[in-house]
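Numbering (our numbering), first residue to last: 3 to 1115.
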């Protein structure tokens, strides 16, 4: 009965807390303090009525674990300590008395134990025995780590369980990954709960001074900003917590291979589409945990990707253990989808719209605009509300600022528009702006103009009309009537504005609004120019002349000279277009396509139909060859760049149209060039979808003949569609062959290597020089060189087009290391050239073997990083980048500094002065980079994580020994500061070592040298004292050596054993113990012990500083 009473009290307190959770969280009242307040209040009330009942209630509260024994004694000092102590002794049994541990309760119980995994196993056994219940994720974790007999039978059919069965290390790693993720989630979810009160920042009330009060929506914009910033801050804190805990557990329990995070892989997984998830089946628990937290945050903000969908379900309902246990694709497939959200209140929609002002990256990119709306409070007045027959609801609000005296000042020229588009289709948020706000986006417009200039120069097809025709068929519209017609386009993508500006030369660009998206605010660019620009392009088009596109005139036929002429040509020749299409599609399409002829006078229909019609006529007249493929690629680049899309993950390229007949035309046009595509309905429109090999071919032609990919620029002017096309195009096989080798007039060994793709062929020169292989193509035709560079990129080699001196000669080239990082087909072809030259005695065997090793094995060149050499020299790791280019060396130095490394301490530099220069990464530098990858700022972590992963890849390419040495250095770096002395417990040789705290500080020795004194307070075998070790530099090699003396008053032998146990527990290595003739016992530590002490946060910084200051470097 007593146990029942204790459980009843526990349930009552829990119910009270759940009912008032929001109030107490706002007041920052901890759950433990709330329980004490609850117990105290009831005890005082009962004491007025019946002191004995008050006593019984208080003892039950102690037994239920609601209040500590010491707190109860303070509250009820008159009650005998023994009775309360007896009640406290029952607490474990009350807790296990058939009750269920909540997620938070179980976490606190397990995390607070000296050995969390051991404690979890104890709890799991109690659960298996039916004495307790566990909430998720702990129950799933129990089933996976310590399943019952019945559960083991079920798991026997699960292939994923093979990794855990009989593998204690794997089970331990899964537990610690789940524990770290739960701790990080607890940090983040508290902020999400606060952010969940977003609608409270908007209230409908009367605003203004009487008699002019008006019914408005009062908005606390600063509070919205605060909630957004709190969410951002909490997420960063949660990420840091997760990284640090994973690193701590990896170090403490030697689980690095299972818990160390690959940052880049985690980010890619968090952003992956469903079709990409299978690529991450080999991700370890740590990487999946970090990706889960990232994806969960994206889902919470509304950016709902595939892994975010899985993370949302498993972290909120199914249990994080399963998310980490399953492969990403399995976790996604087994996740239950969330139900559609209900109707949103106006207050909630306003709050959500304004929250998006502060979401990144938009909030950072357009901070000047965001700042104008900040300060004070905002009021919104509903100006218009309407609902169409199709169900679209539109709300238009005026924005006003509340002045201190209660007055209202309208923000002129800016309004908030909210549209609920159809049933369940979503809500669109935007701020409408008038002309006075355009100046805020001048920087963006100038960036688009600069990008347009470069694009215009680098177009591989010199006739701009081919590109313009594709854009006319998609995003560039013709509006107006007769001579008043103009070209216009709307976009929120700066790269689309730049690309079309390069072609159409927009005469006017305005920003009538800012979309409020899940990436923050995005300006809506509207561009306009005269139809004369299109007329001029038609009149000057060499492509149209090549096709013989003419129209009737009073004197016979004439070359088309305007857009209207081109429409007339289409009408006059529509029968030929239909016949060409029917040959590819079949007779069923004839009637639909014939019906289009009567609609071609309409600019909207004509601009969509003419591009695929011209491609069909081209295939009939010119066939399929390099010339026709160039124009084909130029046209489809505009069609894809506008309404279409490319997905490398799904292996598809899609064109879009609102008309089925136009979609059929595109399907026929693609088929004419050997690309099969499916025409299908998509919502209110239609799509033309190319899959698999057909998609690869189309993506390659888009990349080869479309505008260039502006890599290394402002990411807003980089086409994400073209970037996807590069990735998709790299998937298929390439046709590569070679001719030669031969001797040049100057005696050099040369050969030709030909790369061809779908009728497009480029011949490169290959030179086997003394020190390297040179791969080169040059021409006075820049477009041809651009094509050569793009084919080379498809072969896995990045190389820029350069100009030769001041001449009109362009070239692209690559040398040995870049070639060895290319695709296997390319490396094999070059290797065959090397073997042929060797067989003819034209090169030395040593040089040939060195090159063949690289070409056959391949090397890794991380994008954005130069090639570092990673080697073992006399057992020491040497990491070095060499270059004769001063700019390259200086750029690398700047990057290392931005990462947080210091010259002289972490790396050394030799500038090239007419010879070879280098950047050499010291061992301490690689260790520091590894440390920064976990503990640095956001930018430092990003740079350091990429650098460390790259160096480990390069080390792996050099062999097992080199990789193991590099991994050892990296692991040592990550260990630094990863643990804490306070609370550390470990049993050594039968003695329980409990560390209370400690620290380290330098001091001057008698000889004037700087010493390092480490003091640790610990309880060892029940004996508590301060243990002090003093390190100094000794000998010719300046070795770090530490000494301590066992205390006589504590019994020297026993004290020496306790001291040795402490050092072994903390560093993993026993110290050397020397017994002197006078009875003194000296404990000696070496550099290895000092490095072991550096794992603890309380000691790490002082040790590192002392080592640096006392080194002889």
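All C-beta atoms, glycine included, are put in the ideal place defined by N, C-alpha and C.
On the DSSP bridge assignment, give the partners of residue i in chain order.
i, result
"residue 218", "207"
"residue 691", "656, 680"
"residue 914", "Answer is none; residue 914 lacks a bridge partner."
"residue 524", "517"
"residue 1083", "1077"
"residue 873", "880"
"residue 777", "768, 816"
"residue 1004", "1014"
"residue 1046", "1085"
"residue 737", "758"
"residue 1095", "DSSP output for residue 1095 lists no bridge partner at all."
"residue 921", "883, 911"
"residue 1034", "1043"
Find out if the Cβ-Cβ distance for the pair residue i, residue j is shorter than 9 Å.
i, j, result
"residue 968", "residue 946", "no"
"residue 923", "residue 909", "yes"
"residue 520", "residue 304", "yes"
"residue 798", "residue 828", "yes"
"residue 1085", "residue 1097", "no"
"residue 710", "residue 457", "yes"
"residue 308", "residue 279", "yes"
"residue 727", "residue 705", "yes"
"residue 1018", "residue 1030", "yes"
Residue i: which of the options sits nearest, CA to CA?
i, options, result
"residue 876", "699, 963, 886", "963"
"residue 981", "1033, 1069, 942, 913", "1069"
"residue 775", "786, 752, 184", "752"
"residue 282", "333, 238, 801", "333"
"residue 484", "444, 564, 799, 439", "564"
"residue 791", "723, 840, 702, 836", "702"
"residue 293", "159, 261, 830", "261"
"residue 360", "223, 269, 1071, 486", "223"
"residue 927", "901, 1104, 913, 759", "901"
"residue 802", "695, 816, 810", "816"
"residue 412", "405, 420, 401, 569", "401"
"residue 914", "884, 729, 604, 163", "884"
"residue 180", "113, 587, 135, 165", "113"
"residue 1002", "1099, 907, 831", "1099"
"residue 732", "651, 807, 765", "651"
Within 10 Å of its beta-carbon, does residue i have 16 or more other beta-carbons around it, so buried, or fewer, so exposed?
i, result
"residue 768", "buried"
"residue 557", "exposed"
"residue 465", "buried"
"residue 937", "buried"
"residue 1033", "buried"
"residue 169", "exposed"
"residue 1129", "Absent from the structure is residue 1129, since the part of the chain shown begins at 3 and ends at 1115."
"residue 1039", "exposed"
"residue 330", "buried"
"residue 141", "buried"
"residue 445", "exposed"
"residue 174", "buried"
"residue 888", "exposed"
"residue 381", "buried"
"residue 1025", "exposed"
Indicate whether at least one CB of chain C lies closer than 9 Å to the CB of residue i.
i, result
"residue 937", "Absence of chain C from the displayed structure is noted, only one protein chain being present."
Between residue i and the ligand FAD, is the CB less than 8 Å from at least one heavy atom?
i, result
"residue 106", "With respect to the ligand FAD, the structure offers nothing, as it holds no ligand at all."
> Can you list, in chain order, the stretches of the beta strand (DSSP E) that have 3 or more residues and sit fully within the segment 231-282?
Replying inline: Fully contained in the segment 231-282 is no beta strand (DSSP E) run of length 3 or more.
> At which residue ranges does the segment 528-580 contain complete beta strand (DSSP E) runs of 3 or more residues, listed in the order of the chain?
Replying inline: Counting only runs of 3 or more, we get 552-555, 558-561.
>> Please give the ranges of any alpha helix (DSSP H) in the segment 596-683, keeping only runs that are unbroken, at least 4 residues long and fully inside the region.
In response: Segments of the alpha helix (DSSP H) lying fully in the segment 596-683: 605-624, 628-644, 662-674.
> At which residue ranges does the segment 439-513 contain complete beta strand (DSSP E) runs of 3 or more residues, listed in the order of the chain?
Replying inline: The segment 439-513 contains these whole beta strand (DSSP E) runs: 479-481, 488-493.
> Curious, which full-length alpha helix (DSSP H) runs of at least 4 residues does the segment 806-832 contain?
Replying inline: Secondary structure in the segment 806-832: the alpha helix (DSSP H) runs of 4 residues or longer, each lying completely within the stretch, are 818-822 in chain order.
>> Restricting to runs no shorter than 3 residues, where is the beta strand (DSSP E) found entirely within the segment 966-1005?
In response: The segment 966-1005 contains these whole beta strand (DSSP E) runs: 987-990.
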